[in-house]
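Novice: Would you mind keeping the following structure in view while I ask a few things?
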Amino acid sequence: MKNEWPLWEVFIRGQHGMSHRHVGSLHAPDAEMAIKNARDVYTRRNEGVSIWVVEAKHIAASSPSDKGPLYEPSESKVYRHPTFFDIPEEVGAM
Amino acid sequence: MYAQMIKSAGTGVKSPEEMTPEERRFQAHVDANEKVEPKDWMPDDYRATLIRQIGQHAQSEIDGQLPEGNWITRAPTLERKAILLAKVQDEAGHGLYLYCAAETLGISRDELTEDLLSGKMKYSSIFNYPTLNWADIGAVGWLVDGAAIMNQVPLQRTSYGPYSRAMIRICKEESFHQRQGYDIMMKMAQGTEAQKRMAQDALNRLWFPSLMMFGPSDKESVHSAQSMAWKIKINTNDELRQKFVDQTVPQAEYLGLTVPDETLKWNEERGHYDFAEPDWKEFFDVLKGNGPCNTDRLTARQEAWKEGKWVRDAMMAHARKKAAAKVAAE
Chain A
1 MKNEWPLWEV FIRGQHGMSH RHVGSLHAPD AEMAIKNARD VYTRRNEGVS
51 IWVVEAKHIA ASSPSDKGPL YEPSESKVYR HPTFFDIPEE VGAM
Chain B
95 MYAQMIKSAG TGVKSPEEMT PEERRFQAHV DANEKVEPKD WMPDDYRATL
145 IRQIGQHAQS EIDGQLPEGN WITRAPTLER KAILLAKVQD EAGHGLYLYC
195 AAETLGISRD ELTEDLLSGK MKYSSIFNYP TLNWADIGAV GWLVDGAAIM
245 NQVPLQRTSY GPYSRAMIRI CKEESFHQRQ GYDIMMKMAQ GTEAQKRMAQ
295 DALNRLWFPS LMMFGPSDKE SVHSAQSMAW KIKINTNDEL RQKFVDQTVP
345 QAEYLGLTVP DETLKWNEER GHYDFAEPDW KEFFDVLKGN GPCNTDRLTA
395 RQEAWKEGKW VRDAMMAHAR KKAAAKVAAE
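First to last, the sequence lines map onto chains A and B.
Just so we're aligned, residue 1 is where the first sequence starts under this note's numbering, counting upward by one.
Just so we're aligned, residue 95 is where the second sequence starts under this note's numbering, counting upward by one.
Below is the structure:
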């Protein structure tokens, strides 16, 4: 039986979606079939108007153990958010 | 529920003192209702229990297609046929979502398929009962999908991220299944005397097997306690069964059908219905492989795999040929 089809990750953009979102994965022999299968498996209820598929082995992901070093630096930089700055009401919308 | 009698791999819940620092960190993460993702560290027993539970759940979705597929060619109208086809297609989809979730735990699709075909992987006892008349398709949607929803709604909050996401998707689609079943039951129950008899007959045969779906009482089970501590399981089997009975009895009354349990009675004090337990001896017998349809289901799975082989092989050969031609052209 060892003839397993490769694993593909499926990304779908909905009618009013701004970008493709990961919805799940599936097995298929090639990209064309992966898109056809994704249509059947992930868009049975009008979930999307565009499908991307990418073979899972081509995705590089950050490691959970890097969570600290990767994301902590942004925690202390509250000035990156507009609400950090008090603007007097008289100035108006800004 | 679709996964009955899951034995966790460990020996029961460990106290914080017995845990390794990693296990303590993991438990704190789960206790804080944070999701566990595929690359996160997790106890081996957590991984093994989840593979078993998601695997059983997936296979139940796949096997669930068989009793209903039995009626696709004989549905009474074209509309009912189209609806039933859509429902059965959903079940295939649910099986696929769940297999993908199981694969993120490190088991391959091939291994899962082998367990499906050999009969090694268990699946819900309910699918070893036959669908004898058209009203059974109504009763399956109403009761079997109803019981499944009862189990799956809390599982949306399960601790393992990919399982939780699959459950959210499945729950969104499952409500259609139960409603189309109840719709069939309404039509039958409000139909001719013969149709009403068929509806009652379906309820008579499927009531207790539906109660069995939740599994035997697990109040005392160490496996269940561990699964609940890990938030792989959210409610006890008895809680879910009671909830199902409380919800379903008024629905049967609306249909003018009689639940086949003479002891069934509203208990004012408890605020719940009292009801009879199913025959657990029959349940264990079905799990062992001696239900009315165990052999049929196993044969159907193996036949489908065998008959589809040339298609799978041809598609793979075509994909390889195309890939080789592309390389040659570059």
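Virtual Cβ for every residue (Gly too), placed ideally from N, Cα, C.
With a threshold of 8 angstroms between beta carbons, is E131 (chain B) in contact with chain A?
Specialist: yes
Novice: On a Cα-Cα basis, can you pick out the residue from B:L179, B:G200, B:D157 that is closest to E131 (chain B)?
Specialist: B:G200
Novice: Locate the beta strand (DSSP E) running through F85 (chain A), then write down its first and last residues.
Specialist: Counting along the chain, F85 (chain A) falls outside any beta strand (DSSP E), and DSSP gives it neither H nor E.
Novice: What separation, rounded to the nearest whole angstrom, lies between the Cα atoms of S19 (chain A) and P82 (chain A)?
Specialist: 25 angstroms
Novice: Using a 10 Å radius around the Cβ and a threshold of 16 neighbouring Cβ atoms, would you call I326 (chain B) buried or exposed?
Specialist: buried
Novice: Have a look at M1 (chain A) and S202 (chain B) and give me their C-alpha separation to the nearest angstrom.
Specialist: Any answer about M1 (chain A) is weak, because its pLDDT of 45 lies below 50 and its placement is not dependable; what the coordinates show is given next. Going from the Cα of M1 (chain A) to the Cα of S202 (chain B) covers about 12 angstroms.
Novice: For chain B, check one thing: does any of its Cβ atoms lie closer than 8 angstroms to the Cβ of M1 (chain A)?
Specialist: Confidence is the limiting factor: at M1 (chain A) the pLDDT is only 45, short of 50, which leaves the residue's position unreliable, though a coordinate-based value still follows. It does: the Cβ of M1 (chain A) has a partner Cβ on chain B nearer than 8 angstroms.
Novice: Name the chain A residues whose beta carbon is nearer than 8 angstroms to that of M61 (chain B)?
Specialist: Since the displayed chain B opens at 95 and closes at 424, residue 61 (chain B) lies outside it and no answer follows.
Novice: Might you give, ordered along the chain, the residues of its own chain that have their beta carbon closer than 8 angstroms to the beta carbon of F234 (chain B), omitting 5 neighbours on each side?
Specialist: Reading off the sequence shown, one finds Val at residue 234 (chain B), where the question assumed Phe. Excluding sequence neighbours, V234 (chain B) sits near P161, E162, T225, G275, L300.
Novice: With a threshold of 16 other CB atoms inside 10 Å of the CB of Y140 (chain B), please say whether the residue is buried or exposed.
Specialist: Under this definition Y140 (chain B) is a buried residue.
Novice: Cβ of G14 (chain A) less than 8 angstroms from any chain C Cβ?
Specialist: Judged by its chain identifiers, the structure shown contains no chain C, and its protein chains are A and B.
Novice: Take W404 (chain B) and list the residues in its own chain whose beta-carbon comes closer than 8 angstroms to its own, dropping the five residues that flank it on each side.
Specialist: none
Novice: Give me the Cα-Cα distance between I59 (chain A) and L7 (chain A), rounded to the nearest whole angstrom.
Specialist: 11 angstroms
Novice: Find the nearest neighbour of F302 (chain B) within the set B:T252, B:I220, B:S269, judged by alpha-carbon distance.
Specialist: B:I220
Novice: List, in order along the chain, the chain A residues whose C-beta lies closer than 7 angstroms to that of L190 (chain B)?
Specialist: L26, V41
Novice: M94 (chain A): buried (16+ other C-beta within 10 angstroms of its C-beta) or exposed?
Specialist: exposed
Novice: Which residue's Cα is closest to the Cα of V238 (chain B): B:P248, B:R251, B:Y223?
Specialist: B:Y223
Novice: Thinking C-alpha only, which one of B:G255, B:K181, B:A152 is nearest L210 (chain B)?
Specialist: B:A152
Novice: Quick one: is K420 (chain B) near chain A, going by C-beta distance under 8 angstroms?
Specialist: no
Novice: Run through DSSP, which three-state label would H366 (chain B) get?
Specialist: strand
Novice: Of all the CB atoms in chain A, is at least one closer than 8 angstroms to the CB of K181 (chain B)?
Specialist: no
Novice: What is the rounded straight-line gap between the Cα of T393 (chain B) and the Cα of S212 (chain B)?
Specialist: 10 angstroms
Novice: Could you check the C-alpha separation between F338 (chain B) and P88 (chain A) for me, to the nearest Å?
Specialist: 58 angstroms
Novice: Can you say whether A138 (chain A) is buried or exposed, counting buried as having 16 or more other CB atoms within 10 angstroms of its CB?
Specialist: No answer is possible for residue 138 (chain A): it lies beyond the span of chain A, which begins at 1 and ends at 94.
Novice: Only counting the same chain, and skipping five residues up and downstream in sequence, which positions put a Cβ closer than 8 angstroms to that of S25 (chain A)?
Specialist: L7, W8, E9, V10, A56
Novice: Just verifying my parser: in three-state terms, what is the DSSP assignment at K202 (chain B)?
Specialist: Strictly speaking, residue 202 (chain B) in this sequence is Ser, with Lys absent from that position. S202 (chain B) falls in the coil class under three-state DSSP.
Novice: Got a sec: which bits of the stretch 48-73 of chain A sit with their beta carbon under 8 angstroms from any beta carbon on chain B, in order along the chain?
Specialist: A61, S63, P64
Novice: Let's see if you can read the secondary structure: which residues bound the alpha helix (DSSP H) around K403 (chain B)?
Specialist: Note, K403 (chain B): alpha helix (DSSP H), 403-423.
Novice: Look up I12 (chain A) in the DSSP assignment and give the residues it is bridged to.
Specialist: A:R21, A:I51
Novice: Give every residue of the same chain whose Cβ lies closer than 7 angstroms to the Cβ of T171 (chain B), excluding the five residues on either side of it in the sequence, and list them in chain order.
Specialist: none
Novice: Quick one: what does DSSP say E112 (chain B) is sitting in, helix, strand or coil?
Specialist: coil
Novice: Quick check for students: name the residue ranges of the beta strand (DSSP E) that lie wholly in the stretch 230-269 of chain B, counting only runs of 3 or more.
Specialist: Listed in chain order, nothing qualifies, since the stretch 230-269 of chain B has no complete beta strand (DSSP E) run of 3 or more residues.
Novice: Does the beta carbon of K416 (chain B) sit closer than 8 angstroms to a beta carbon anywhere in chain A?
Specialist: yes
Novice: By the DSSP assignment, the beta strand (DSSP E) with W5 (chain A) in it spans what residues?
Specialist: Counting along the chain, W5 (chain A) falls outside any beta strand (DSSP E), and DSSP gives it neither H nor E.
Novice: If you reduce the DSSP assignment to three classes, tell me which class W399 (chain B) lands in.
Specialist: It is helical.
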